[in-house]
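4 protein chains.
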Amino acid sequence: MEYHPGPGRNQLFVPGPVNVPEQVLRAMNRNNEDYRSPAMPTLSKSVLEDIKRIFKTTTATSFIIPTTGTGAWESALTNTLSPRDKILTFRLGQFSLLWVDQMQRLNFDVDVVDVEWGAGIDLSVLRAKLQSDTKHEIKAVCVVHNETATGVTNDLAGIRNVIDACQHPALFLVDGVSSICALDFRMDEWCIDVALTGSQKALSLPTGLGIVCASPKALEASKTAKSLRVFFDWNDYLRFYKMGTYWPYTPSSQLLYGLRAALDLIFEEGLDNVIERHSRYGHATRLAVEAWGLKNCTQKSEWFSNTVTAVVVPPHIDSTQVVRQAWKKYNLSLGLGLNKVAGKVFRIGHLGHLNELQLLGALAGVEMVLKDIGYPVELGSGVAAASAYLMRSTPLIKSRM
Amino acid sequence: MEYHPGPGRNQLFVPGPVNVPEQVLRAMNRNNEDYRSPAMPTLSKSVLEDIKRIFKTTTATSFIIPTTGTGAWESALTNTLSPRDKILTFRLGQFSLLWVDQMQRLNFDVDVVDVEWGAGIDLSVLRAKLQSDTKHEIKAVCVVHNETATGVTNDLAGIRNVIDACQHPALFLVDGVSSICALDFRMDEWCIDVALTGSQKALSLPTGLGIVCASPKALEASKTAKSLRVFFDWNDYLRFYKMGTYWPYTPSSQLLYGLRAALDLIFEEGLDNVIERHSRYGHATRLAVEAWGLKNCTQKSEWFSNTVTAVVVPPHIDSTQVVRQAWKKYNLSLGLGLNKVAGKVFRIGHLGHLNELQLLGALAGVEMVLKDIGYPVELGSGVAAASAYLMRSTPLIKSRM
Amino acid sequence: MEYHPGPGRNQLFVPGPVNVPEQVLRAMNRNNEDYRSPAMPTLSKSVLEDIKRIFKTTTATSFIIPTTGTGAWESALTNTLSPRDKILTFRLGQFSLLWVDQMQRLNFDVDVVDVEWGAGIDLSVLRAKLQSDTKHEIKAVCVVHNETATGVTNDLAGIRNVIDACQHPALFLVDGVSSICALDFRMDEWCIDVALTGSQKALSLPTGLGIVCASPKALEASKTAKSLRVFFDWNDYLRFYKMGTYWPYTPSSQLLYGLRAALDLIFEEGLDNVIERHSRYGHATRLAVEAWGLKNCTQKSEWFSNTVTAVVVPPHIDSTQVVRQAWKKYNLSLGLGLNKVAGKVFRIGHLGHLNELQLLGALAGVEMVLKDIGYPVELGSGVAAASAYLMRSTPLIKSRM
Amino acid sequence: MEYHPGPGRNQLFVPGPVNVPEQVLRAMNRNNEDYRSPAMPTLSKSVLEDIKRIFKTTTATSFIIPTTGTGAWESALTNTLSPRDKILTFRLGQFSLLWVDQMQRLNFDVDVVDVEWGAGIDLSVLRAKLQSDTKHEIKAVCVVHNETATGVTNDLAGIRNVIDACQHPALFLVDGVSSICALDFRMDEWCIDVALTGSQKALSLPTGLGIVCASPKALEASKTAKSLRVFFDWNDYLRFYKMGTYWPYTPSSQLLYGLRAALDLIFEEGLDNVIERHSRYGHATRLAVEAWGLKNCTQKSEWFSNTVTAVVVPPHIDSTQVVRQAWKKYNLSLGLGLNKVAGKVFRIGHLGHLNELQLLGALAGVEMVLKDIGYPVELGSGVAAASAYLMRSTPLIKSRM
């Protein structure tokens, strides 16, 4: 059954869920399995180990939780912190907003720095906050690496430098939902204590896995953290890791096989090539937006995101119309503007299993949609700008050289 | 990739996860979708409504949560109760034990009635407990309908009668993980306040959906329940239900399409026919066990389970050997004995998308395994007993009459 | 396993095999079935009947043969003609050439009219041939509706008019491999005696079904046709049609279920809308070619094909390089120039389950490839021309209005 | 869509098409590909080479033809023989009958030795025929290795010995449709000139591939064979083999990937283990038939087939009823009696991707069906006999030891 089918492939350019490669669909096309059979630990161990390579960590412990990014947030917070613990964080878009909301509902003492939507974290504000915290009451600095609502990528290395410079012992918790496996991310090098992502983002799987890596320091913190957690308790996992059976409750074997296939694809392409590829897509999309005479919601180039571009429409245009028309006429799925930027921006997700021509097709679609609804774009202008850049920068496909 | 492959189909006779019908695999074989597109509410609404028919409720509100049964438990408890609230419950096997453990970790005041593993809930104990609770301190009676570890089905109608007879206002929360959609279950008629199941059980889907139905009384209770919950908070769902977009965080579109297909299959067969079919499998399996001269772990026929049979092996035999040999030689997956009954019982799951001949093949396998490891079973005896009964009781397939 | 994998979806723009819709992949994702069970005739009858709607015939008899287009050709010829029978036909590209080759090897007396590659059938030549055949020695006029090698669509209605005007009794056999279900095709109205296609073309299935429709006149001819045929003998089918079991030898149930799904998709969109959609793709592609300053291999607009465009490259460029570079750098599959036009043309297939943005992505790819290999195309020019037209002509998606 | 669905897996025990392993379904779950891309020869070469291992030949040339077994027959005959050539063959069931029919329609001079249905080829008759053919007019001896209609396996080694003993130069053509990859088959050792099978039999793929191997002598014969063939002409293949592109017309990439997966599975298990496994199934099934007090259609044990057992029902029973009831009540697909043995036998196919418990489930089903329709079988008797044997003979699964 299909609801509202259209001809051809749906052009899926929301910033997640993203296109699932055929290889992953194939891997998941299977009956259920007894998760207590000897086959499952072989698979489980392989993905629990290999997922760490995506986070660029060799020291962390990985958890694959049957949940979404929202659950992964809760896992990160409740395992490392106690109620009333002070968290320093930044609200700069809908997803950091939602995380803040979760922190508050979980009874942490949240020091929220509000940042204009479209801007990234100001390191000097962070420095000031940490320097003034002489008693080290801040227990954690929580950062959304890539704010999916505004297309803003924060500077994690810079944040780590500030924390270090301030000699502040706070844990460093990072939401890497729309960044890990697509943007430059180095858990160990940047001393991130908890990093997390979801399966339906750059890993290009269906929704269903919250993937969390915890540094030794985070694991240590979990021993004294008093936040109530049961479903999200790392200890349950650790107990089963020791037994070699891995799962405190039934995993989805389909998603684990899918994850295995997704990791294989990424390693085959090369993780750094994958990241480089996303950088090309970000760059190309921004060139198209510029060619259309539109503004990027992201205020400075240092924060430009290579996984999603939020495009600001002129005041007389409702960005919701862009998204609706794209879907109704061209089978193109774009991201809506959310909350503060509802009606003002639409978003082009360009992450996951994707290639240049898919992106250019989507950009051609956006051009037509803009013109359809009355914005005087020159058709072909964005595609021309993007393809001039892509032509120069795209390497031959490794396996086909 | 396959780990430890064997010839032919795996005979999946654990009490979940169960066989996924081809129709469901097909429905799930698809790319990700934008869950904010107009296609998704059409689908979401249809499954949220139709899932209630499986619970036999028209008054409850349904929640489809990206989690497992363990998460569904947590959802049921935290949305309806406050810390320190008194829960009356019964520990009669590994799954009720785990639920009790969760209740305790969630800081409820748990009055646990320990029942011998293999027995069901004694209604007179329940009555005594409720009658003596004149101050109505017991806020909830929590019952595992079908204890998967011992193959014990509790009498929910009887429990409701006792609660009513005592005029006790406690909420009635039921774990229907290995019962709903396979055993007689009547949420409205039995005034159950929260009932829950998981997708990988009788619904015959992959793991990933915790399905929870809440009565109006439960929803009312949720307004004052003080237990901390964020990921599992029903309010987030209810807010999105009102908006008509349904999901507070990204759902798995694959699982929703799979659920749609699973429900279609069940309605096509007829829910009562499905339940009747499971009753045949339970009966047939017990006849086989009897023919083998082995004891059913379930102590009285009133508690016999039609979804899983726990078989007691003689003292000199290790039931783990039965399970291991079945997998290694016959590609047959049986359930281990857990915790108190480890080594003492093995379990035959007979639920979900299954037919008579699959069951008889498994029973033939169990016979050979038993003989393989030294138990003097007469080969064919169990199959003969089971098939004599099945031959008489199996109707023609509806669509083929 | 994947050979030479690349990131993202392969852009499949060869003129067949074409993209298989997810709905069809799902329908085919199934175990084998007993083709003698009562389920199979239900399915078989439904597709044998409904396939006629694609041919626009109510009077013909349909055959679904486990073979390719080449086998369907042989079926058409050997069932209607006798050795030494005179065939009048036209050689205007690689596929008509191959059919002629088959005719000759099958020992027919083939009167081949050679046409310059890039041109279509000259009706005056046809008229002259038929008029001079006063003894009616020509038993069949064989025409490739759409010559896939050069992108030339012949005028079937015109051909029928000439035959009628000449009052010539010859059978009219048509290869509709790259036309049926994409171009205007009217079997009954144009009195076509045998028409055929293959599953992997506009029907958007995998290869494996040769689909043949035979008019009553063709069936009558088959009674006296002396060409030797066994595997391709229509009589074997007709015998099984009468018995209601339909298949003289084992059919692929997967392909039959896939065909059912493909037909459902087409009827849902509306066959005439499908044809109209292909007309948009042909038009848009030609506008792009023009914008690039390149020549269409098709010499006159009356022969323009809406399923494939053969693009002539300048003399100093090797078109094989275009195809190779497209595949190696952009995961774009284009058609090679074949035989006489090898090295001189490359082909853009635009048929089957496809939409505007997929096409525009491919056109953007062709632009980059052309520039990559040294042709001075203005990037974006072709996309601009195509999208200006598509923007105006593309309707809202029916199911999403 | 499903026609006449029933609960649980269909028990597919016809002698083909057989169960497709999940691994093969997964491999086939993919979009179409450009068969002229560099990926396809890599795949094509690998399967064309490896398929020879299944035939146990290193000297033959393999052809993978988009057709069924019927087409493979035609390929074998028309490429090696000329019209009027004398063929010596044996008619001992429906499939050898159909092949004879094809030979006659192809205008060969067929010397048919009729053998009672249920018997195999009498080597002394063969010897007499060959010895009396002093002029070597017999150009080919054609043998169906395993007659699927009666469950008779002919002695190919014996036949080869007779041919050699007679120093007869005839070609030796073998239909291995229901034998190759399941029964002992040695193309090179037994000097078979053409051997053939179909994908939907022991290879456990969907229908669609006719697989033919031709010895050097057969290839040599093809140079002078005058039978008309076009679609089935080996030369077209050989020409493309030389070019390294392999396919004279569009192959099904899905089936080629499926074949790759099927071969991988077989090599992983070990071809000789696969053959040994089938021998167990044949033996076990015959023990069951004996236990039921029924007669095997196969008259002598030397001809017993390990891929299919034809069971003779008592005169007062209509075997069609057995098949019908099995399907209608137990979702069990059995083979009908065909032609001369219609109504008199039903057939249990036991080939392909299958295991012991699937077979025992089917045998249990047959018992119930027999009793259902009035034959006084002792329930469990066949299963007991079969499982006593299987228990002793079944090895541990290789990958699980």
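Quick mapping for you: the protein sequence lines, in order, are chains A, B, C and D.
Residue numbers for the first sequence follow the numbering used here, beginning at 1 and rising by one.
Residue numbers for the second sequence follow the numbering used here, beginning at 402 and rising by one.
Residue numbers for the third sequence follow the numbering used here, beginning at 803 and rising by one.
Residue numbers for the fourth sequence follow the numbering used here, beginning at 1204 and rising by one.
Glycine residues also receive a C-beta, built at the ideal position from the N, C-alpha and C atoms.
Contact list for residue i against chain C, beta-carbon separation under 7 angstroms
i, result
"proline 1579(D)", "What proline 1579(D) touches in chain C: nothing, since even the nearest Cβ is about 28 angstroms away."
Any C-beta of chain B under 8 angstroms from that of residue i
i, result
"histidine 1556(D)", "yes"
"arginine 828(C)", "yes"
"threonine 74(A)", "Residue identity differs from the one stated: residue 74(A) is glutamate in this sequence, not threonine. Glutamate 74(A) counts as touching chain B."
"tyrosine 249(A)", "yes"
"threonine 1597(D)", "yes"
"alanine 1491(D)", "no"
"glycine 69(A)", "yes"
Near the ligand ZN: residue i beta-carbon under 7 angstroms from a heavy atom
i, result
"glycine 960(C)", "As presented, the structure is devoid of all ligands, the ligand ZN included, so that no description of it is given."
Beta-carbon neighbours of residue i, restricted to chain D and to distances below 8 angstroms
i, result
"valine 816(C)", "Asp1237 and Arg1239"
Neighbouring residues, chain A, relative to residue i (Cβ below 7 angstroms)
i, result
"glutamate 804(C)", "Gln23"
Residues that residue i contacts on chain C, provided the C-beta gap is smaller than 9 angstroms
i, result
"asparagine 432(B)", "Glu824"
For residue i, three-class secondary structure by DSSP
i, result
"asparagine 146(A)", "strand"
"threonine 721(B)", "helix"
"lysine 398(A)", "helix"
"valine 1530(D)", "For clarity, residue 1530(D) is tryptophan in the given sequence; the question names valine instead. Of the three classes helix, strand and coil, the one that applies to tryptophan 1530(D) here is helix, per DSSP."
"phenylalanine 1216(D)", "strand"
"aspartate 114(A)", "strand"
"serine 1024(C)", "helix"
Limits of the beta strand (DSSP E) - the one that residue i falls within
i, result
"threonine 1597(D)", "No beta strand (DSSP E) contains threonine 1597(D), which DSSP labels as neither H nor E."
"threonine 490(B)", "487-492"
"glutamine 1002(C)", "Counting along the chain, glutamine 1002(C) falls outside any beta strand (DSSP E), and DSSP gives it neither H nor E."
"glycine 1461(D)", "Not the beta strand (DSSP E): glycine 1461(D) falls in the alpha helix (DSSP H), residues 1456-1472."
Within chain D, the residues that residue i reaches when beta carbons sit closer than 7 angstroms
i, result
"tryptophan 728(B)", "Arg1603"
"arginine 907(C)", "Val1433"
"alanine 841(C)", "Tyr1206 and His1207"
Bounding residues of the alpha helix (DSSP H) (the contiguous stretch that carries residue i)
i, result
"phenylalanine 456(B)", "440-456"
"aspartate 236(A)", "234-243"
Within-8 angstroms CB hit, residue i to chain A
i, result
"glycine 552(B)", "no"
Any C-beta of chain D under 8 angstroms from that of residue i
i, result
"methionine 644(B)", "no"
"threonine 950(C)", "no"
"asparagine 821(C)", "yes"
Residue j beta carbon less than 8 angstroms from that of residue i
i, j, result
"valine 1124(C)", "leucine 1172(C)", "yes"
"valine 312(A)", "leucine 294(A)", "yes"
"glycine 1413(D)", "glycine 1274(D)", "yes"
"leucine 1554(D)", "valine 1511(D)", "yes"
"valine 421(B)", "lysine 602(B)", "no"
"glutamine 933(C)", "leucine 1140(C)", "no"
Chain B residues whose Cβ lies nearer than 7 angstroms to that of residue i
i, result
"leucine 43(A)", "Tyr404"
Contacts that residue i makes with chain A (C-beta to C-beta distance below 9 angstroms)
i, result
"isoleucine 1199(C)", "His4, Pro5, Gly6, Pro7, Trp327, Lys328, Lys329, Tyr330 and Asn331"
Under 8 angstroms by beta carbon: chain B residues contacting residue i
i, result
"leucine 1560(D)", "Gly409, Gln412, Tyr731, Asn732, Leu733, Gly762, Ala763, Ala765 and Gly766"
Cβ of residue i within 8 angstroms of any chain C Cβ
i, result
"threonine 1410(D)", "yes"
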